[in-house]
Each structure stands twice: as C-alpha cells, then as structure tokens.
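Have a look at the structure below before the remarks.
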Amino acid sequence: MADIKQDLLSLQYSDNFAIQGLQEANIDLELPPASASAATVYGVVTDGTAPIADATVKLFDNNGLPYKHTLTDAAGAYSITGIPAGTYSLSAVKEGYLLSDAAGVTLSDSATVQMNLACTADATLSLGAIAGTLTAKDLSGVSVPLAGAKITLQTGPDTVVATTYTAADGEFAFYDVADGVYTLMASAEGYRAVSTMTVTVTGGSIENLTMAMTADARTYSGTVSGMIRNGTGQAVAGCFVGLYQVVTDLSGKKELLVATTKTNEAGKYLFGGVVEGEYVVKAKLDR
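Heads up: take any position in the sequence shown, counting from 1, add 16, and you land on this note's numbering.
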C-alpha cells in the first residue's frame, strides 16, 4: 500500500489582484512549515449496554483545562479531531446521567485512538430543583439580601420536606425535589415574612424565585445593659440609669433622654427595644 502523503509546507494564499491588458503580475508566496499532524480520538458512549445519543464528550488537557468537546450521534458515537500530540483525559455526560469517570489518553502525531466511555443513569437527576434569593427591607425601607435566614419547604401546613439557610448574598437552593406543589416560608429574627410563596415543580423542572421579608418594628431592635458600681467597686442597687439618644439638628448634636430604669440588687440594668442609633448611658443616685 502506498504511503499516505502528509503536508510538508502549509497552504498559503495571496491577496486578490487584477490583470489588465498586457500587464504582467509577479506574485511571490512564502509557505510556512506545516504543523505536526493532529491526532483523533473517537469512540462510543453507553450506559454500560445501550448507546447514549446527544451526550456531551469533553476533552481536557494535562492540566485539567477544557480543550474541545462534541456530541454523540444517534448511535452514541463521537469523534474529536485536530488534537495536537500530548496527554489528555475524556469525560462524557448527559442530563439524567452522572459524569463518566475520566479516561486518560496519550496521543502522538497523526494517532487515531478509540476511547469508549460509560455514563451511569441516576434517577435523582431527573428530579426538580428550587432556587431563589431572599431580600429584606429594614425600617428605613431599604432592601438588601438577607443572610442566615431559615427557608422551609413544605407540602402542607404541618408537612416539612426540607429546610435550608440563606447564604451571604441571600441565595438558597433545594435539590432532588419531586414533582408537586410546595409552600416556601422564610423566618429570621427581627423580620417577618411579607408572604409565603407557592411553587409547582413539574417534570423535574427548575424553579427560580425571589422571596422578601421586612423588619419587624417590634423586634428589630437591640438592648443596652450593664452594671453600676461605686468608687470602691461595689454594686449600686436602686440607682437611676438613663438612656440618652444622640441626635443632630441645625444647632449640632443633642442628647435626648429616651428611657429610664433602676439597677437591681446586683447593680445591673437593662434597656430593651433600643432602635438603631447613637446613645449615651448616664446614672446617678440621690441620698
């Protein structure tokens, strides 16, 4: 059998040019050396027995970075061409199947290598998912993502399917969700849900939604507490303690008394329901 001819110098071409009358054209070309002959990887993707059509087959380089990909045909066959010599790995995947184990291959120039791949079906991958973002409106009316809130997924008033917590950017997600109608409820200390949300998962669908909460003026507050002692370090019982809020107006800063209390037998005091702001605590005891 005759040897297969391979390129020595690569194809090159000139710019377009015109000839008029007796004009003579001189066209020089410089042909670059042909690149090394590329390799080919081909094979069949199956579930262990039957071929899998429309599976994605991806080729990764020796650093694990994506290089090329293709899809299998109706017979589960694939072919990736134009691959430089080197070491690679291959994996295949399709919706409803787990990613196949990576198959390593070392290719030389002009090599044609068969690599068959197997994907395992996973019933849970046919289930649905629910993803969303939770925002919260503070007492000034500004909405921001709310982290650490509890999201409950229910199929009825007393039937909890799953719970999760929002991330720093307010995102949350539920996966492996069977078809059905679900109610989502959000809860977080100092906030109340604007409303519950109902979502329907059909045919393994993926549902995206946005939930909202608002600060509860009754509970969206802090506390101020401490102990009052005399000059010798002894606790002072029955001592007057005033909580002053620092406010600013056209004349400058002012201290306004907003709450009062007295220390207990241990010299301790506590103010609850303290809204956002700047404060000063003052104390005194009469004879």
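Every residue gets a Cβ at the ideal spot worked out from N, C-alpha and C, and that includes glycine.
Query	Result
Do you know whose CA, among A251, T248 and T239, lies nearest L259's CA?	T239
F190: which of S203, I222, T218 and D174 sits nearest, CA to CA?	I222
Among residues of its own chain, excluding the 5 on either side of A4, which ones have a beta-carbon nearer than 6 Å to its beta-carbon?	Outside the shown range of the chain (17 to 303) lies residue 4, about which nothing can therefore be said.
Between which two residues does the beta strand (DSSP E) containing R309 stretch?	Lying outside 17 to 303, the shown extent of the chain, residue 309 is not represented and no answer is given.
M17 to L115, Cα distance in whole Å?	Bear in mind that the predicted position of M17 carries a pLDDT of just 43, short of 50, making it unreliable; the figure below should be weighed with that in mind. If you take the alpha carbons of M17 and L115, they lie about 42 Å apart.
Leaving out five residues before and five after M201 in sequence, what residues of the same chain have Cβ atoms less than 6 Å from its Cβ?	T168 and T212
Can you check which of these residues, L45, D31, L155 and G98, is closest to D232 by C-alpha distance?	L155
When burial is assigned at 16 or more other CB atoms within 10 Å of the CB, is T171 buried or exposed?	exposed
If contact is defined by three or more beta carbon pairs under 8 Å, each pair taking one atom from either stretch, is the segment 42-61 in contact with the segment 84-101?	yes
D63 to A71, Cα distance in whole Å?	11 Å
Output needed for T276: all residues of its chain with C-beta closer than 8 Å, excluding positions within five of it in sequence on either side, in chain order.	F256, V257, G258 and L259
Give me the Cα-Cα distance between A204 and K166, rounded to the nearest whole angstrom.	6 Å
I'd like the span of the beta strand (DSSP E) that includes Y295, first residue to last.	E294 to K300
Does the segment 280-287 come within contact of the segment 242-252, defined as at least 3 CB pairs closer than 8 Å?	yes
Please tell me whether V121 and L106 are closer than 8 Å, where the distance is taken between their beta carbons.	yes
Considering D265, what are the terminal residues of the beta strand (DSSP E) in which it resides?	F256 to D265
Using 10 angstroms around the beta-carbon of T226, count the other beta-carbons present and answer buried if the total reaches 16, otherwise exposed.	exposed
Return the bridge partner residues of I146 from the DSSP annotation.	F190 and E223
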